[in-house]
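Asks: I'd like to ask some things about the structure below.
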Ligand code: GLN
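Numbering (this note's numbering), first residue to last: 1 to 485.
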């Protein structure tokens, strides 16, 4: 079979099940392509030999009842993988080899998937461009000058470049949806509590969620089905009956009420994004949905709230990296000196910035003014969504305020970098599910995404809406393999 890498996940699975292609052939195809795609810097760690071995084992005793039978998958380097280096793209974890497996990746392997390698990301998932990685920036397959988005930039780049048939990322403030939008792929952030956080390197625990990144909506449904599970190893995991998202997928969204929040029409939004949003509404109308104007009045506070809550939690989570419990250490004159040297050398600039902001907003004297206040505003943001969902079934917004920007363009301007998350962050603050689907190209020919936000645990509904829109949008993009050597 010659066209393996162009199959979507669903097609790949059915070809494996029909014995038209073996797991080993598939694994080989992705490895060969990945080897020729070093220029993108998508991988932190390749587990190719092991993947080939596992694919042969699968082929010698195939179990076709699995949902991902012998499918090779590369994952974000934020998921702990047993006996495979897991760095979160940080120097401080540069030699960390977990002795345990994250629940989400374990769920993939339980369904027959095979690890291809660990994908680059922003350091500790802090960033929107995959430029904060200790292992260097990731290049977008869309164009040699572009960032792939972040923090799941290695995942987005690998998926769009067809180095893996599907992948997984994490989303604390947009890190699945924004890179998906920048690379013309589908990214879903599930409801908080749907996918276990066990074994995922923590950034901001009340916001972090794992989710699928895929070539299309149906693949997203299949991946979510595999990833989502109740897990008593994560105290915020929620025990609810998980639907068969891919089986129950339907393009029938007649009569669904879709809200358009006026506060998302931000100052300086480009005409292209306006038009994309307008087109989105028309697709939905053509699918039989009803469009309603709604208001989410506290939207303007979402970004400042996020940039208090997320660094606060990060500063606490990252306190564990002290040169004692994990690998990297710089020797010092005494214990305090060792801590200080280890942390100043082990963390990059952006991570240190967040630790400092987080420590500041949690410190006595500032806690009430910043952290406590932010928590209260977070509740108001959540209440806005609750009110909106009394009237509508889902909400449509652009995924990002622009298409992908140039490598280096925003690196020295953290605020303009943070503004990227303006449409995605409220969803994490409220714990809701959101999906970004490719919806068009801008003037330069770069992909743009639309986001659909749902009620808690209503992933099936946003998947259905995305599925019916995808059908109408018929997005096609061919990156032409310019990076291959
Ligand atoms: N870009 C956001 C940040 O830097 C979101 C990151 C994420 O979702 N992991 O915090």
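From the three backbone atoms N, C-alpha and C, an ideal C-beta is built for every residue, glycine too.
1) Taking C-alpha atoms, which residue in 167, 131, 165, 96 lies nearest to residue 150?
2) With burial defined as no fewer than 16 other Cβ atoms inside 10 Å of the residue's Cβ, what is the status of residue 306: buried or exposed?
3) In three-state DSSP terms, what is residue 347?
4) Pairs of beta-carbons, one from the stretch 275-290 and one from the stretch 319-329, closer than 8 angstroms: are there three or more?
5) What residue does the beta strand (DSSP E) around residue 44 start on, and which one ends it?
6) Counting only the same chain and skipping the five closest in sequence on each side, list residues whose C-beta sits under 6 angstroms from that of residue 153.
7) Is it the case that the Cβ atoms of residue 53 and residue 81 are separated by a distance below 8 angstroms?
8) If we call anything under 8 angstroms between Cβ atoms a contact, is residue 169 one with residue 175?
9) Please determine whether the Cβ atom of residue 153 lies at a distance below 7 angstroms from any heavy atom of the ligand GLN.
10) Just checking my contact of residue 186 with residue 155 at CB under 8 angstroms: how many whole Å lie between their CB atoms?
11) Hey, how far is the Cα of residue 336 from the Cα of residue 135?
12) Helix, strand or coil for residue 436? Go by DSSP, reduced to three states.
13) Would you call the stretch 230-248 in contact with the stretch 262-272, where contact means no fewer than 3 C-beta pairs closer than 8 angstroms?
14) Just curious, the beta strand (DSSP E) that residue 394 is in, first and last residue?
15) Would you grab the beta carbon distance between residue 396 and residue 284 for me? Rounded to a whole angstrom, and I think it's under 8 angstroms.
16) Got a sec: does the ligand GLN put a non-hydrogen atom nearer than 7 angstroms to the Cβ of residue 213?
17) Which residue's Cα is closest to the Cα of residue 257: 316, 24, 388?
18) Determine contact between the stretch 458-478 and the stretch 242-251, defined as no fewer than three beta-carbon pairs at a distance below 8 angstroms.
19) What are the partner residues of residue 79, as DSSP defines its beta bridges?
20) What distance in whole Å lies between the Cβ atoms of residue 26 and residue 71, which are believed to be in contact at a cut-off of 8 angstroms?
21) Would you check whether the ligand GLN has a heavy atom nearer than 7 angstroms to the C-beta of residue 203?
22) How many angstroms separate the CA atom of residue 496 from the CA atom of residue 116?
Replies: Straight from the coordinates:
1) 131
2) Label assigned to residue 306: buried.
3) coil
4) no
5) If you look at residue 44, you'll find it in the beta strand (DSSP E) that goes 43-46.
6) 130, 138, 179
7) Cβ distance not < 8 angstroms, so residue 53 and residue 81 don't count as in contact.
8) yes
9) no
10) Incorrect: roughly 12 angstroms between the Cβ atoms, too far for contact.
11) 28 angstroms
12) strand
13) no
14) 394-398
15) 7 angstroms
16) no
17) In terms of CA proximity to residue 257, 388 leads the group 316, 24, 388.
18) When C-beta atoms of the stretch 458-478 are compared with those of the stretch 242-251, three or more pairs fall below 8 angstroms, so the two segments count as touching.
19) 200
20) 7 angstroms
21) yes
22) Residue 496 lies beyond the stretch modelled for the chain, which goes from 1 to 485, so this question has no answer here.
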